[in-house]
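In my numbering, the protein residues as written are -19 to 437. Ideal Cβ placement from N, Cα and C applies to all residues, glycine included. On a predicted model such as this, the values are computed, not experimentally measured, just so you know. In what follows, a structure is listed as structure tokens, so that the remarks can point back to it.
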Ligand code: DUC
Ligand code: ZN
């Protein structure tokens, strides 16, 4: 089956040009001036941008958190992703405490295989460190996992500085890379104890006990550990300029540091936590928390300058009923926001249209850089001959208002409720198949597991 997308503007990480694009089966066959003869169908995409399918390298589907399970599993989460132009997600596989990485991998395949609408891969969480786990790493690479996750916070997940160092040394030998959640655990616990002792148990205590200096401290510490281990690292969901400065210092020292931020840190701010209404505030609880509005410009500037390489979502959704668990105690609010469905339209609307972000920068942040960083390039992340025909058709002339009731994610609110888009996604192709047409997801869960190679960014 040959489909010709005619008259569009092809966006890549290094620019854009007017050209036709021919899909043959699952692949891109040709880009250029292509006559219609020989195509089984011709789709007029004039006036639209064609982006490589977006990659969301930070999702949490079907994850147990705080005694509950995320509202989105692989089925609902990946369907929402596809609707928003995300043709590949990389989710965080997480072994149960004390179990081997192999079991975590099996568990995540059980959750995802046959149920996922977009293509998918897994990062592996390292929440324990010993010789047995070290010995499992080569098998993880053989299974297509080249990236790992570690936490400097959350007592159940964190492994301590010594083990972060040892794990980075082991990953360095194998050519792997780790994304690290950076917040200082001990001081946060101290601040939580203080707030609780003072009877301050509402959602406003959440941002106050996780200030940005404690993120910056953890970023600084991680980067010094990475320097000692001589290993590149990824700072995931970076939120503020203090943390960014630590990255700049490390880069000046010659270290390879990659940075991810998320739409919530670019577009939302911590004023939401101080609303009287519990539910209105609790729905925004995530870690790291939203920051002061003044931080947003630092993140946009860093994205524009290429100091931030990727924008993923940290999609970790809970319904308002689930968020209710923390009515008496803010530490019991399950942390996380939905976002997988809205990232592309938000970054176009508020980045390209409003914050002077170039189309190629958007393409790098949402498609090309995650593909390179996580070993999917050039199969994914670029529109060129031979690559998977994962294509987002974006019409900049339309506009709509984001509303939870219009979204596919399995959650009864949207953090971006009322945001007006500049343009919108009209079609999404997944490996050559029309998978979304004007908001309608077509077909079933046909996502494939992606065996990923090593970082090439
Ligand atoms: N932060 C969240 O808010 N939720 C999931 C994991 C994380 O790091
Ligand atoms: Zn996360």
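Check, Outcome
"Are the beta-carbon atoms belonging to residue 481 and residue 434 less than 7 Å from one another?", "The question about residue 481 has no answer, for the chain in this structure spans -19 to 437."
"Could you say if the region 156 to 168 and the region 130 to 142 meet the contact criterion of at least three C-beta pairs nearer than 8 Å?", "yes"
"Ends of the beta strand (DSSP E) at residue 492?", "With the chain represented from -19 up to 437, any question about residue 492 goes unanswered, as that position is not in the structure."
"Who are the Cβ neighbours of residue 184 in its own chain at under 6 Å, not counting the five residues just before and after it?", "253, 254"
"With respect to the beta strand (DSSP E) encompassing residue 238, which residues constitute its N-terminal and C-terminal limits?", "237 to 241"
"Where are the beta strand (DSSP E) runs, 3 residues long or more, that stay fully inside the region 182 to 269, in chain order?", "213 to 215, 237 to 241"
"In the structure shown, what three-state DSSP assignment does residue 138 receive?", "coil"
"Report the CB separation of residue 405 from residue 381 in whole angstroms; it is logged as a contact under 8 Å.", "At roughly 15 Å, the Cβ-Cβ gap does not stay under 8 Å, so residue 405 and residue 381 are not in contact."
"Please classify residue 173 as buried or exposed, where buried requires at least 16 other C-beta atoms within 10 Å of its C-beta.", "exposed"
"Can you tell which of 294, 261, 186, 107 has the C-alpha that lies nearest to the C-alpha of residue 37?", "294"
"Given a cut-off of 7 Å, decide if residue 303 and residue 262 are closer than it, judged by their beta-carbon atoms.", "yes"
"Within 6 Å: the Cβ of residue 294 and any heavy atom of ligand 2?", "yes"
"Can you tell me whether residue 172 is helix, strand or coil according to DSSP?", "helix"
"Between the beta-carbon of residue 442 and the beta-carbon of residue 213, is there less than 7 Å?", "With the chain covering -19 to 437 only, the question about residue 442 has no answer from this structure."
"Between residue 63 and residue 388, is the Cβ-Cβ spacing less than 7 Å?", "yes"
"Is residue 116 near residue 75, with beta carbons less than 7 Å apart?", "no"
"Residue 340 and residue 101: beta carbons closer than 7 Å?", "no"
"Nearest by alpha-carbon distance to residue 91: which of 231, 106, 72, 77 is it?", "72"
"Quick check on this structure: which residue in 50, 391, 290, 108 has the alpha carbon closest to the alpha carbon of residue 140?", "108"
"Among 235, 414, 221, 192, which has the Cα closest to the Cα of residue 211?", "235"
"Residue 288: buried (16+ other C-beta within 10 angstroms of its C-beta) or exposed?", "buried"
"Determine the extent of the beta strand (DSSP E) in which residue 21 is found, giving its start and end residues.", "21 to 24"
"Is residue 438 helix, strand or coil when you go by DSSP?", "Because residue 438 is not part of the residues shown, which for the chain are -19 to 437, the question remains open."
"Verify whether the separation of the beta carbon atoms of residue 51 and residue 298 is less than 7 Å.", "yes"
"In angstroms, rounded to a whole number, what distance separates the CA positions of residue -12 and residue 420?", "21 Å"
"Using the Cβ count rule (16 or more neighbours within 10 Å means buried), how would you classify residue 367?", "buried"
"With respect to the beta strand (DSSP E) encompassing residue -1, which residues constitute its N-terminal and C-terminal limits?", "-5 to 4"
"I need the DSSP call for residue 102, collapsed to helix, strand or coil.", "strand"
"Grab me the residues of residue 41's own chain with a C-beta within less than 6 Å of its C-beta, minus the 5 sequence neighbours each way, in chain order.", "52, 53, 54, 57, 71"
"In the DSSP assignment, what residue or residues form a beta bridge with residue 131?", "161"
"Can you find a heavy atom of ligand 3 that lies under 6 Å from the Cβ of residue 46?", "Of the ligands one can find in the structure shown, namely ligand 1 and ligand 2, none is ligand 3."
"Straight-line CA distance for residue -1 to residue 417?", "21 Å"
"On the DSSP letters alone, give me the boundaries of the alpha helix (DSSP H) that residue 83 sits inside.", "81 to 92"
"Does DSSP classify residue 467 as helix, strand or coil?", "Absent from the model: residue 467. The displayed extent of the chain is -19 to 437, so no value can be given."
"Since I believe residue 209 is in contact with residue 148 (beta carbons under 8 Å), could you give me their beta-carbon distance rounded to a whole number of angstroms?", "4 Å"
"Would you list the residues sitting across from residue 414 in a DSSP beta bridge?", "409"
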